[in-house]
Each structure stands twice: as C-alpha cells, then as structure tokens.
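Its first residue numbered 872, the sequence shown is counted upward by one per residue in my numbering. Below is one structure, written out as structure tokens, with a few remarks after it.
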Amino acid sequence: MKAWQFSATGGGIEANMKLNDKATPPPAKFSPDQVFVEIISMSLNPVDYKLPEVPLLGRMIVSKPASPGLDYCGRVVSAGSKADVKPGQIVFGRLDGPTQFGTLAECIVVKRDGAVPLPEGIDLDHAAAVGTAGITAYQCIVPFAKAGDKIFINGGSGGTGTFGIQFAKAIGCHVTTSCSTPNVQLCKDLGADEVIDYKTSDLTKELRAKGQIFSLAVDNVGKPDDLYTASHHFLTQDGKYVQVGAGMSLGAVYSLVSRMFWPRLLGGGQRPFQFLGVASKYDDFIKIGEWMKDGKVRSVIDTVYEFSDGPKAYAKLRTGRAKGKIVVHVTGK
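Next up, the structure:
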C-alpha cells in the first residue's frame, strides 16, 4: 500500500515524511471487533505531530516508520464478526492513537467504536473532518450540559471549538465563545450567541464581569493562564471546568498539573476541574452523524490537499492559522 511515513522527527515530522509506495500494511489478521478500511479522505490534528515530537518519550510511544493521522472517512474492505458494518459500506470515525499505522495511508485497521456507518447525503470530506475534534467536542459538552444552560467555550474557531458551538446549540444551550478578530464572524455563523475577541479584550476580565452565569466552561486552548483560577467568578456554584487543549511543553504540563491538583486554599481553582481523556464511542459518532444529516452540524474545513501534498498539509497545520479542519484526499471518492 501507499503511505506517508516518517522515521525521524527533527525539524518536524513533515520535514521527514516520505511517500512509500510499498509500505507494510496493518496486520491482515484482526480481532472480531476490528474493521479493515480503505481510506477515502483523512483529516489532521495537532496531536498527530505533537506526540511523536515529544523529546525521548515520543520515540517510545510511536514505532517507526510511522504514518500520522487518526481521523478518516473510508470504505469497508472486511470486518470482524462483532463489527456493525459490511464490506463496501462507507464509514467515518477515528483511530484511538497513538499508532504506527495512521490514516495518511491507503488503508487502516480500526476498532468497531471508530468505524461508524455514514448516513447518506453527507459529504465525505466533511465526514473525514469529524473524528477526534468532533468526538472531543461531543464528550466535553453533551454529558455536562442541558437545554437552557449557558456555557462558555474558550477557543471557538478551531476544530474542536467549531464542533463544540454547534453541538451546544443542538442541545439547546446559550453559547459564549472566544476567538481572534478574523474568526468572530465564523463563530457567529456557527450559532454562537456571544463572541469575545481576545485580541481586543481582556478575556478573563470580560468573563468575570458577567458574574456566575455559566454552568460549564470548555477550555480548548489552555490560556490565558489565570482562566481556571478565576472561573469561580463566572461559573455557577455547581459549574464545571473542562479542559481539552494543552501544549506538550514543560510549562504547559506544569500548568495543567497545577490546575488539577493545586489546593484551592493555596490559590488554586474553586470549581471542579477535569482534563478530558477522549475515547471513540460508537453511539456518540452515531449522534453526530444524525445531526449532520439533519443539517444541525457541519464540518468547517479550512483547506483540502491531495495525497501527494501530505507534508504541506502538516506544514499548514503547524502554523496554527487554520479555520476549522485540514483534509487530505487519500484514494479519492
């Protein structure tokens, strides 16, 4: 099979990626709950390069040569007896990483929970863009919010944020979000009731001024540093703070650990804090697919690349300037 692979990470995985026309495919034998899929399109996430580039640890986590990518839309080639799909069926979802055999390749083996039948009428690129960002947004909002709640989403214009705004509106929430100036209109178009431009406003100050009105705060960014410790000023008494975004630097890790464990009596946060560990869930993807079919949710796609330009796609992702998701056509539609 053809696959983009990297064997080193110095200078970034995209600088080390090579197109291997005879790449070793995933294992032909797989368990009853796994599915062998031919990739049509895939989409990128920052974790694709951040994890393998972690000094020392990254080498142990991801075996080489490795293909990046977790998210996809594809066609079932074969399926185990416990999988709910059939050969020829179009599916979407994600790999539960990290993995050596990522989705920037012609085929993958994926577990049942990450291979979900795609409802008719949904664009295949839009389906490929759901994956990690979609399931993360779903799991940090839907279990914690209900119709009528006011929620705050920090970082509304990225992959997780764009889905988060739409999911929150789909269940009947009032949504306030933050983004930079060029993305304000995008967030409004997705349904946000209020958008705070962090380039022209002090985000924490703006939220504090609103009082204790939010039942949920979802942090896709991890900044500003004082956002969580100030959250008791804008979260209700039983409000919850969920963080899904964090950097891989020592400073970012220290900030995350401090938020999780620093006692409130010593200046830590005064509201429940949770760092979300996302996992593929079949029923969650089913619901997302239903919302997309009903027109309540759409993927926001920044750029679409062809398979031959895989490294360019990751170079664009690394700039941090994408509005929504970056998609790569692998075998085509």
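Ideal Cβ placement from N, Cα and C applies to all residues, glycine included.
For this session: Under the assumption that Gly-1027 contacts Ser-1049 (Cβ atoms under 8 Å), give the Cβ distance between them as a whole number of angstroms.
Result: 6 Å
For this session: With a threshold of 16 other CB atoms inside 10 Å of the CB of Ser-1170, please say whether the residue is buried or exposed.
Result: buried
Exercise. Roughly how many whole angstroms lie between the Cα atoms of Glu-1173 and Lys-1194?
Worked result: Per the sequence presented here, residue 1173 reads as Asp, with Glu not at that position. Their backbone Cα atoms lie some 5 Å apart in a straight line.
Exercise. In terms of DSSP beta bridges, what is His-997 paired with?
Worked result: Answer is none; His-997 lacks a bridge partner.
For this session: Report the option in Lys-1158, Gly-1062, Glu-1065 and Val-980 whose CA atom is closest to the CA atom of Gly-940.
Result: Val-980
Exercise. At what residues does the beta strand (DSSP E) containing Cys-1050 begin and finish?
Worked result: 1045-1050
For this session: Could I get the ranges of all uninterrupted beta strand (DSSP E) runs contained in the region 940-1024, with 3 residues as the minimum, in chain order?
Result: 942-950, 961-965 and 978-982
Problem set entry | Closest Cα partner of Ile-1024 within the set Val-1115, Glu-977, Leu-927 and Met-872 | Val-1115
Problem set entry | Buried versus exposed call for Ile-1022 [16 or more other C-beta atoms within 10 Å across all chains shown] | buried
Exercise. In terms of residues, what are the limits of the beta strand (DSSP E) holding Tyr-1112?
Worked result: 1106-1114
Exercise. Thr-1190: buried (16+ other C-beta within 10 angstroms of its C-beta) or exposed?
Worked result: exposed
Exercise. Out of Ala-894, Pro-1014, Asp-996 and Ile-961, which has the shortest C-alpha to C-alpha gap to Leu-989?
Worked result: Ile-961
Problem set entry | Whole-Å CB distance - Leu-966 paired with Ser-938, under 8 Å assumed | Contact flag wrong, Cβ pair sits at about 10 Å.
Exercise. Which word fits Gly-1166, buried or exposed, when buried means at least 16 other C-beta atoms lie within 10 angstroms of its C-beta?
Worked result: exposed
Exercise. When the Cα of Val-1168 is compared with those of Ala-1039, Gln-1010, Asp-942 and Ala-986, which residue comes out closest?
Worked result: Ala-1039
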